[in-house]
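*Asks:* The following block contains the structure, expressed as structure tokens.
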Amino acid sequence: MIEGIRVYGENISSVGGSAILMFLLSCRNYDVSLPHNKIRKELCELAKEMAAPAMSAGEEFQPEAAIVNYLVPSDMLGGHLDVMEADWSKPIVSISLACKAIFLLGGKSREDIPIAMFLRNGDVCAYGWACKRMLSWDKKADLNEILASCMTI
Numbered sequence: 008m009i010e011g012i013r014v015y016g017e018n019i020s021s022v023g024g025s026a027i028l029m030f031l032l033s034c035r036n037y038d039v040s041l042p043h044n045k046i047r048k049e050l051c052e053l054a055k056e057m058a059a060p061a062m063s064a065g066e067e068f069q070p071e072a073a074i075v076n077y078l079v080p081s082d083m084l085g086g087h088l089d090v091m092e093a094d095w096s097k098p099i100v101s102i103s104l105a106c107k108a109i110f111l112l113g114g115k116s117r118e119d120i121p122i123a124m125f126l127r128n129g130d131v132c133a134y135g136w137a138c139k140r141m142l143s144w145d146k147k148a149d150l151n152e153i154l155a156s157c158m159t160i
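So for the sequence shown, our numbering puts the first residue at 8; every next one is plus one.
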């Protein structure tokens, strides 16, 4: 198990340290040979608290990696499935920092209309195994319909 800061993007810096572990977009893999720092205790505790409802009874969530996306207001992440986890039974905890964003959680196929969630600075979401198997936004969907269904977390 490697506990480290895992970052991808063009504007690279680490959270609370000087080393990072790059996510290689071209091959969708982590370069575990690069130096890395431990995730800050405060972030681990927050992740454990948020993930607890998605864990089996008596099991404690153990954060292993942090991925930081550096985005500006005009940026958009492409549709994707989070498939890099070794154990899909564990939740993903997402912490929103700085920019407001609309997160679109799709269905099991690209034809499903996604659920829109308005995220602000400081919002924390935990995604269980079912959500991790969902696709993100179907580009064919009507953006106005998606935004109209936007809910605040």
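Cβ coordinates follow ideal geometry from the N, Cα and C atoms, glycine included.
Roughly how many whole angstroms lie between the Cα atoms of F68 and R117?
*Replies:* Against the sequence shown, residue 68 aligns to sequence position 61. Against the sequence shown, residue 117 aligns to sequence position 110. Whole-angstrom Cα-Cα distance: 30 Å.
*Asks:* Whose C-alpha, out of G129, P80, G114, is nearest the C-alpha of S103?
*Replies:* Taking the first residue of the sequence shown as position 1, residue 103 is located at position 96. Nearest C-alpha to S103: G129.
*Asks:* Quick one: give me the first and last residue of the beta strand (DSSP E) that C106 is part of.
*Replies:* Numbered from its first residue, the sequence shown carries residue 106 at position 99. From DSSP, C106 is part of no beta strand (DSSP E); its letter is neither H nor E.
*Asks:* Which value, in whole angstroms, describes the spacing of the CA atoms of L41 and E71?
*Replies:* In the sequence shown, counting from the first residue as 1, residue 41 sits at position 34. In the sequence shown, counting from the first residue as 1, residue 71 sits at position 64. Each residue's alpha carbon lies about 15 Å from the other.
*Asks:* Just how far apart, CA to CA, sit K115 and L126?
*Replies:* Taking the first residue of the sequence shown as position 1, residue 115 is located at position 108. Taking the first residue of the sequence shown as position 1, residue 126 is located at position 119. Approximately 22 Å, taken between the alpha carbons.
*Asks:* With burial defined as no fewer than 16 other Cβ atoms inside 10 Å of the residue's Cβ, what is the status of G7: buried or exposed?
*Replies:* As displayed, the chain neither begins before 8 nor continues past 160, which places residue 7 out of reach and without an answer.
*Asks:* What three-state label does DSSP hand L31 in the structure shown?
*Replies:* For this step, residue 31 is matched to residue 24 along the sequence shown. Note that L31 scores a pLDDT of 46, beneath 50, so its modelled location is shaky; the value from the coordinates is reported in the next line. Residue state, collapsed to three classes: strand.
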